[in-house]
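Asks: This structure is in structure tokens; I'll ask about it shortly.
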Amino acid sequence: MKKLLEKGFIISKTEFIAYLECPFQFYLLKSLNKAKDQSKEPDYSNYEKFLQDGLKKHLWLQKFYENYGTEILNNNHPVLKEPDKKESWKQDFLDFEIKRYKQDTIFWKPIEVEYYLRNDSLCGKIDRIDQIDDQGNCRIVEYKSSPNMHDEAELLFYAFLLTSQLPIQELPTISKVSEMGVYYYKHNEYYNTQITNEILTSFGINLEEIRVKMMNPRSIKKNRDCDYTFKNCLYREICQRIQINCQKIIGL
Ligand code: SF4
Numbered sequence: 000m001k002k003l004l005e006k007g008f009i010i011s012k013t014e015f016i017a018y019l020e021c022p023f024q025f026y027l028l029k030s031l032n033k034a035k036d037q038s039k040e041p042d043y044s045n046y047e048k049f050l051q052d053g054l055k056k057h058l059w060l061q062k063f064y065e066n067y068g069t070e071i072l073n074n075n076h077p078v079l080k081e082p083d084k085k086e087s088w089k090q091d092f093l094d095f096e097i098k099r100y101k102q103d104t105i106f107w108k109p110i111e112v113e114y115y116l117r118n119d120s121l122c123g124k125i126d127r128i129d130q131i132d133d134q135g136n137c138r139i140v141e142y143k144s145s146p147n148m149h150d151e152a153e154l155l156f157y158a159f160l161l162t163s164q165l166p167i168q169e170l171p172t173i174s175k176v177s178e179m180g181v182y183y184y185k186h187n188e189y190y191n192t193q194i195t196n197e198i199l200t201s202f203g204i205n206l207e208e209i210r211v212k213m214m215n216p217r218s219i220k221k222n223r224d225c226d227y228t229f230k231n232c233l234y235r236e237i238c239q240r241i242q243i244n245c246q247k248i249i250g251l
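So, in structure tokens, the structure goes:
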């Protein structure tokens with residue numbers, strides 16, 4: 000099999016988090032991504048139910064400003080559309096956004112949602128970008144169902160990626176990523192933190208070390224503590240079938 004971990008490869012946010020979870024999960028994901036026809040729309044129909052559910056929720060959050068933004072900006076109190084009323088987390092999010100609007104009527108509306116970025120070594124899609132003042136500062140926001148130990152790393156990945164691309168012609172009002180936030184829609188909780196140049200520099204060094212490890216086949220090992228029931232790993236079945244003594248067959 001063709002060697003997959005050659006130099007110059009681009010890491011997506013999903014691949015980065017997969018590596019933090021388990022290097023072998025990263026390897027399987029990277030291999031499958033490489034084999035996919037990138038010109039086709041991704042097919043999620045065979046995803047597990049909880050993943051499909053998460054995708055639907057993300058889509059609703061993505062469309063939220065289209066569906067309810069004008070009414071909020073007109074200082075009305077929108078009522079959820081009929082099918083949305085059945086899910087209490089949607090009401091929580093609407094209330095949360097109305098409250099946020101009242102705190103900052105000028106910069107409340109995001110300047111981008113689901114914003115795809117790519118540079119020479121990283122790529123990913125940021126759930127939301129908010130301008131936070133007229134000095135060029137912005138905040139990146141991710142939507143997650145519940146907290147995960149890698150949430151901070153994920154936000155820093157995006158902050159680092161966006162910073163590397165600024166200034167961006169189509170986002171002329173922002174010049175610096177200075178905050179990052181995460182909204183947990185299952186719990187209606189929001190956390191926000193400041194980002195400094197020191198934090199981003201330190202993350203960049205860390206990321207480069209991880210990239211070097213990713214390109215070293217000897218670092219691609221299964222997570223020792225994994226018992227193959229780890230729900231977030233989509234590769235449980237294939238992983239069980241690949242014995243580590245078959246490394247040469249899979250090109251490691
Ligand atoms: S099943 Fe466990 S060991 Fe195998 S790739 Fe997934 S997380 Fe890693």
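In numbering that gives the first Met the number 0, the protein residues as written are 0 to 251. The beta-carbon is built from N, C-alpha and C at its ideal position, and this holds for glycine as well.
Hey, is Gln168 close to the ligand SF4, as in C-beta under 7 Å from one of its heavy atoms?
Replies: Residue 168 sits at position 169 when you count from the first residue of the sequence shown. Checking the Cβ of Gln168 against the ligand SF4 gives no.
Asks: Rounded to the nearest angstrom, what separates Trp59 and Asp129 at their Cα positions?
Replies: Here residue 59 is taken as the residue at index 60 of the sequence shown, counted from 1. Here residue 129 is taken as the residue at index 130 of the sequence shown, counted from 1. Cα-Cα distance, rounded: 18 Å.
Asks: For the ligand SF4, is there any heavy atom lying closer than 7 Å to the beta carbon of Leu19?
Replies: Position 20 of the sequence shown, counted from the start, is the residue given in the question as residue 19. Answer for Leu19: no, Cβ out of range of the ligand SF4.
Asks: In terms of residues, what are the limits of the beta strand (DSSP E) holding Ile237?
Replies: Stepping through the sequence shown from its first residue, residue 237 is reached at position 238. First-last for Ile237: 235-240, but that is the alpha helix (DSSP H), not the beta strand (DSSP E).
Asks: Could you pull out every residue in the same chain whose Cβ sits closer than 7 Å to the Cβ of Arg99, ignoring the five residues on either side in sequence?
Replies: Sequence index remark: in the sequence shown, residue 99 carries index 100 (1-based). Hits under 7 Å: Trp107.
Asks: From Phe312 to Glu207, what distance separates their C-alpha atoms?
Replies: Not covered by the structure: residue 312. The range shown for the chain is 0 to 251.
Asks: Measuring from the CB of Lys221, is there a heavy atom of the ligand SF4 at a distance below 7 Å?
Replies: As a position in the sequence shown, residue 221 is number 222, starting the count at 1. True, at least one ligand heavy atom lies under 7 Å from that Cβ.
Asks: Where do the ends of the alpha helix (DSSP H) carrying Gln51 lie?
Replies: Counting from 1 along the sequence shown, the entry for residue 51 is found at position 52. 48-72 is the extent of the alpha helix (DSSP H) around Gln51.
Asks: How would you call Thr192, buried or exposed, if buried means at least 16 neighbouring beta carbons within 10 angstroms?
Replies: For the purposes of this step, residue 192 is identified with residue 193 of the sequence shown, where counting begins at 1. By the neighbour-count rule (16 or more Cβ atoms within 10 Å), Thr192 is not buried but exposed.
Asks: Pull up the distance between the alpha-carbon of Phe229 and that of Thr104, whole angstroms please.
Replies: Looking up residue 229 in the sequence shown gives position 230. Looking up residue 104 in the sequence shown gives position 105. If I take the Cα positions, the gap works out to 43 Å.
Asks: Ile139 by DSSP, collapsed to three states: which one?
Replies: Counted from its first residue, the sequence shown places residue 139 at position 140. DSSP places Ile139 in strand when its eight states are reduced to three.
Asks: Among the candidates Lys48, Lys124, Ser145, Gln102, whose CA atom is the shortest distance from the CA of Val181?
Replies: Counting from one through the sequence shown, the residue named residue 181 turns up at place 182. It is Ser145.
Asks: Taking Tyr157 as part of the alpha helix (DSSP H), name the residues at either end of that continuous run.
Replies: Sequence index remark: in the sequence shown, residue 157 carries index 158 (1-based). 150-164 is the span of the alpha helix (DSSP H), which, as asked, contains Tyr157.
Asks: Examine the ligand SF4 and report whether any of its heavy atoms sits within less than 7 Å of the Cβ of Leu50.
Replies: Residue 50 sits at position 51 when you count from the first residue of the sequence shown. For the ligand SF4, not one heavy atom lies less than 7 Å from the Cβ of Leu50.
Asks: Name, in chain order, the residues that DSSP records as bridge partners for Gly180.
Replies: Working through the sequence shown from its first residue, we reach residue 180 at position 181. Paired residue(s): Val140, Asn191.
Asks: Tell me Arg117's beta-bridge partners as DSSP assigns them.
Replies: By 1-based counting over the sequence shown, the position of residue 117 is 118. In DSSP, Arg117 forms a bridge with Cys122.
Asks: Between Asn74 and Phe63, what straight-line distance do the alpha-carbon atoms span, to the nearest angstrom?
Replies: Residue 74 sits at position 75 when you count from the first residue of the sequence shown. Residue 63 sits at position 64 when you count from the first residue of the sequence shown. C-alpha separation (whole angstroms): 16 Å.
Asks: Considering just the uninterrupted stretch of the alpha helix (DSSP H) at Gln134, what are its terminal residues?
Replies: Start at 1 with the first residue of the sequence shown, and residue 134 comes out as number 135. Where Gln134 is concerned, there is no enclosing alpha helix (DSSP H), given that its DSSP letter is neither H nor E.
Asks: In whole angstroms, give me the CA-to-CA distance for Gly203 and Pro77.
Replies: Start at 1 with the first residue of the sequence shown, and residue 203 comes out as number 204. Start at 1 with the first residue of the sequence shown, and residue 77 comes out as number 78. Cα-Cα distance, rounded: 42 Å.
Asks: Which class does Leu4 belong to by DSSP, given the choice of helix, strand or coil?
Replies: For the purposes of this step, residue 4 is taken as the residue at position 5 of the sequence shown. A caution first: Leu4 carries a pLDDT of 49, below 50, which makes its placement in the model unreliable, though a value can still be read off. Three-state DSSP puts Leu4 in coil, outside helix and strand.
Asks: Alpha carbon to alpha carbon, how far is Arg235 from Leu170?
Replies: Counted from its first residue, the sequence shown places residue 235 at position 236. Counted from its first residue, the sequence shown places residue 170 at position 171. So the two alpha carbons sit approximately 40 Å from each other.
Asks: By the 10 Å Cβ neighbour count, where 16 or more other Cβ atoms means buried, how is Tyr227 classified, buried or exposed?
Replies: What you label residue 227 is simply residue 228 of the sequence shown in a count that begins at 1. Counting Cβ neighbours within 10 Å, Tyr227 comes out exposed, since fewer than 16 surround it.
Asks: Output yes or no for whether 8 Å exceeds the beta carbon distance between Lys93 and Tyr67.
Replies: In the sequence shown, residue 93 corresponds to position 94, counting from 1. In the sequence shown, residue 67 corresponds to position 68, counting from 1. It is Leu, not Lys, that sits at residue 93 in the sequence shown. Going by C-beta atoms, Leu93 is nearer than 8 Å to Tyr67.
Asks: Reducing DSSP to helix, strand and coil, say where Ile248 ends up.
Replies: As a position in the sequence shown, residue 248 is number 249, starting the count at 1. Residue placement at Ile248 is flagged as unreliable, the pLDDT there being 44, under the threshold of 50; the coordinate-derived value follows with that caveat. It is coil, neither helix nor strand.
Asks: Let's see if you can read the secondary structure: which residues bound the alpha helix (DSSP H) around Thr200?
Replies: Your numbering for residue 200 matches position 201 in the sequence shown. Here the alpha helix (DSSP H) through Thr200 covers 196-213.
Asks: What is the DSSP secondary structure of Ser145, reduced to helix, strand or coil?
Replies: One-based indexing of the sequence shown puts residue 145 at position 146. Residue state, collapsed to three classes: coil.
Asks: Can you check DSSP and say which residues form a bridge with Val78?
Replies: Within the sequence shown, numbered from 1, the residue matching residue 78 stands at position 79. Answer is none; Val78 lacks a bridge partner.
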